[in-house]
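Residue numbers (our numbering): 8 to 359. By construction, the Cβ of each residue, glycine as well, lies at the ideal position given by its N, Cα and C atoms. First comes the structure, then the notes that go with it.
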Amino acid sequence: MLDPCRPAVILAPMEGVTDAPMRAVQGELGPFSFAVTEFLRITQWVPPRHTFFEHMPELAHGCRTLTGLPVQLQLLGGDAARMADSAARACELGASAIDINFGCPAKTVNRHDGGAALLRHPRRIRDIVAAVRAAVPRNVPVSAKLRLGWDSCAAIDENATMAAEGGATWITIHGRTRVAGYQPPIYWEPIGRVRRRLPLPVVANGDIWTRDDFRRCRDITGCRHFMLGRGAIGNPLLAWQVAADLGLISLPTEWGEHDEGWAGRLQRLIDWTQHMQPLRAEKMVARLKQWLRIAAWVGQFPHFDQIKHATTLEDVFRMLKDSAHTAQRLDNQRRIVSVPVTSYNQSLSEMV
Ligand SMILES: Cc1cc2nc3c(=O)[nH]c(=O)nc-3n(C[C@H](O)[C@H](O)[C@H](O)COP(=O)(O)O)c2cc1C
8 MLDPCRPAVI LAPMEGVTDA PMRAVQGELG PFSFAVTEFL RITQWVPPRH
58 TFFEHMPELA HGCRTLTGLP VQLQLLGGDA ARMADSAARA CELGASAIDI
108 NFGCPAKTVN RHDGGAALLR HPRRIRDIVA AVRAAVPRNV PVSAKLRLGW
158 DSCAAIDENA TMAAEGGATW ITIHGRTRVA GYQPPIYWEP IGRVRRRLPL
208 PVVANGDIWT RDDFRRCRDI TGCRHFMLGR GAIGNPLLAW QVAADLGLIS
258 LPTEWGEHDE GWAGRLQRLI DWTQHMQPLR AEKMVARLKQ WLRIAAWVGQ
308 FPHFDQIKHA TTLEDVFRML KDSAHTAQRL DNQRRIVSVP VTSYNQSLSE
358 MV
């Protein structure tokens, strides 16, 4: 899945955002090397078969979305034996790669000994990775996704070493502590320090919002593997820019062919959701608004203040159309204002 010799752009797991329909859309629209599922929480028992398939429908299709994007299953839990049994069961059902979540900051998850709570227990990180490693076939990669620490960035040195000792095939590091949540700043330096010290691939993650951010992250960490979350969801061009800078694609032609605007992207999400996991209309509206809200955060969608009031799918698409017209009109006005007076009449007649 992750070839140490080849750069990679990985779609981050984001619970409630990068579900199976969104992964299918990203497989169609993005240049991602692979995606990681949202976490599947392992509590008292190994989940039943149907839970694995509901969580990762791609298991039924060779661990790829129907649009061809490879998908890795992520598990979360603090009990090494149960994590191992669950990983083994996932592989019996077809999983071809397992990721272990040591980064989730959610209070409920942490109270129940999962996600970032393990960052305070480096040896347990090693034991969980080792148990999962031993339980799955040799050809199945086992990776670990870590934050820098619970409350200290320095903890990543020991935690990453423990993940490596447990036999992780690669590790992904989100450059923040659990206590920092999602607050800036991001710390990429410790990711580079781990990469230089450990003999396994390190995937850099966190706050890559723009092409410049990516280049700084690459320069600071020296990594060749990057995981993109919110930035790539909110700005579909970003993953293409990163993939182009990594030499995986050539940007101009491929991006032009794929760009279809927000209405087109949202329609794809509706189509894949209806195909895979039908939602009631109001939930679908909420999903569309969630995507547009992320796009607004990253400056890719200036009309969120209007669309957030939409209550039906028709509202969303009508408002999108209206906002596109407004944008076009403003754009035209700007162009009219900026053309030389002599060509004003000519420009105007071309526009109508
Ligand atoms: C809404 C949301 C849900 C997330 N869910 C998961 C998850 O299920 N598993 C996981 O490992 N990380 C999860 N993350 C963390 C992301 O994978 C990623 O590490 C983080 O967003 C930083 O990357 P970014 O700045 O590119 O978004 C989540 C993040 C967000 C914002």
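- Relative to the non-hydrogen atoms of ligand 1, the Cβ of residue 128 never comes closer than 7 Å to any of them.
- Shown here, residue 108 sits in a strand according to DSSP, grouped into three states.
- If you check the CB distance, residue 230 and residue 197 do not come in under 8 Å.
- Annotation note: the region 178-261 contains the following uninterrupted beta strand (DSSP E) runs of length 3 or greater, listed N- to C-terminal: 209-212 and 232-235.
- Contact between the region 80-99 and the region 163-180 is absent, with fewer than three C-beta pairs closer than 8 Å.
- Following the DSSP letters along the chain, one finds residue 32 inside the alpha helix (DSSP H) bounded by residues 27-36.
- Annotation for residue 21: 236 place their beta carbon closer than 6 Å to its own, counting only its chain and skipping 5 residues before and after.
- Taking the C-beta atoms as reference points, residue 183 is found no nearer than 8 Å to residue 223.
- Straight-line spacing of the CA atoms in residue 122 and residue 111 works out to 4 Å.
- Excluding its 5 nearest sequence neighbours in each direction, residue 284 has C-beta neighbours in its own chain below 7 Å: 27 and 28, listed in chain order.
- Within 7 Å of the C-beta of residue 24 there is at least one heavy atom belonging to ligand 1.
- Taken in chain order, the complete alpha helix (DSSP H) segments of 4 or more residues contained in the region 57-102 are 87-99.
- As DSSP reads the structure, residue 124 sits in no beta bridge.
- The C-beta distance from residue 101 to residue 47 rounds to 14 Å, too long to fall under 8 Å, and the pair is not in contact.
- An exposed status is given to residue 306, since fewer than 16 other beta-carbon atoms sit within 10 Å of its beta-carbon.
- In the three-state reduction of the DSSP assignment, residue 324 falls in the helix class.
- The beta carbon of residue 84 is closer than 6 Å to those of 49, 90 and 121 in its chain, skipping five residues each way along the sequence.
- The beta carbon of residue 8 sits no closer than 7 Å to any heavy atom of ligand 1.
- Inclusion of residue 195 and residue 211 in the CB contact set at 8 Å is warranted, their separation being smaller than that value.
- Just so you know, the alpha carbons of residue 246 and residue 300 end up roughly 18 Å apart.
- In the structure shown, the three-state DSSP call for residue 150 is strand.
- One thing to note: residue 9 has its Cβ within 8 Å of the Cβ of residue 177.
- Secondary structure of residue 46 (DSSP, three-state): strand.
- Distance from the Cα of residue 76 is smallest, within the candidate group 41, 141, 51 and 69, for 41.
- Under DSSP, residue 276 shares a beta bridge with no residue.
- Each of 109, 15 and 142 was checked against the Cα of residue 130, and the nearest Cα belongs to 109.
- In this structure, residue 201 lies away from residue 158, with their beta-carbon atoms at least 8 Å apart.
- By the beta-carbon neighbour count (other beta carbons within 10 angstroms, threshold 16), residue 312 is exposed.
- Short note on residue 111: C-beta closer than 7 Å to some heavy atom of ligand 1.
- In this structure, residue 214 places its C-beta atom within 8 Å of the C-beta atom of residue 191.
- Assigned with DSSP and collapsed to three states, residue 271 falls in helix.
- Per DSSP, the unbroken alpha helix (DSSP H) holding residue 292 starts and ends at 288-304.
- Collapsing the DSSP output to three states places residue 24 in coil.
- Selection 148, 180 and 258 evaluated against residue 98 yields 148 as nearest (Cα-Cα).
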